[in-house]
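K.L.:
Residue numbers (the numbering used here): 134 to 208. Please find one structure pasted underneath; my questions will follow.
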Amino acid sequence: MIFQILSWLAFAVSLIGSYLNIKKIHWCFVLWFLANIFWVVSDIMASLYAQAALNFVFAVVSVWGFFHWKKTKST
Numbered sequence: 134m135i136f137q138i139l140s141w142l143a144f145a146v147s148l149i150g151s152y153l154n155i156k157k158i159h160w161c162f163v164l165w166f167l168a169n170i171f172w173v174v175s176d177i178m179a180s181l182y183a184q185a186a187l188n189f190v191f192a193v194v195s196v197w198g199f200f201h202w203k204k205t206k207s208t
C-alpha cells in the first residue's frame with residue numbers, strides 16, 4: 134500500500150515540477166528533487182537498485198540545476 138501511495142505521489146510531484154519548468158519557475162527543481170527521492174525509496178522497496186541509483190543522480194542534478202538557474206537568473 135505505501136509503495137503505491139509513494140509511486141503516485143512521485144508521479145504527481147513530477148508532473149507539477151514539469152509544469153513549473155514550462156512556466157520557467159525555478160522551484161521546479163525542488164519538486165523534481167522531492168519526486169526523485171520518492172522514486173529512490175520506491176525503487177529500493179522494489180529491489181530496483183540500479184534505477185534507485187539513477188534517480189539519486191537525478192536528485193543531485195536537480196539540486197545543481199536549482200542553484201545554477203538561480204545564479205544565471207541573477208546575473
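Glycine included, each C-beta is placed from N, C-alpha and C at the ideal position.
N169 and N209 - do their beta-carbons sit closer together than 8 Å?
P.N.:
Past the boundaries of the shown model lies residue 209; the chain is included only from 134 to 208, so the question cannot be answered.
K.L.:
Output needed for A185: all residues of its chain with C-beta closer than 6 Å, excluding positions within five of it in sequence on either side, in chain order.
P.N.:
Here residue 185 refers to the residue found at position 52 of the sequence shown. Here the set comprises V173, D176 and I177.
K.L.:
Do you know how far the Cα of Y152 is from the Cα of W202?
P.N.:
Translated into positions along the sequence shown, residue 202 becomes position 69. Translated into positions along the sequence shown, residue 152 becomes position 19. So the two alpha carbons sit approximately 16 Å from each other.
K.L.:
Apart from the five residues on each side of it in sequence, which residues of its chain come closer than 6 Å, Cβ to Cβ, to F191?
P.N.:
Here residue 191 corresponds to residue number 58 of the sequence shown, with the count starting at 1. Within the same chain, Cβ atoms closer than 6 Å to the Cβ of F191 are found at N169, the five residues on either side in sequence being excluded.
K.L.:
Would you tell me roughly how many angstroms separate the C-alpha atoms of S195 and W160, rounded to the nearest one?
P.N.:
By one-based count along the sequence shown, residue 195 stands at place 62. By one-based count along the sequence shown, residue 160 stands at place 27. Straight-line Cα distance between these residues: approximately 10 Å.
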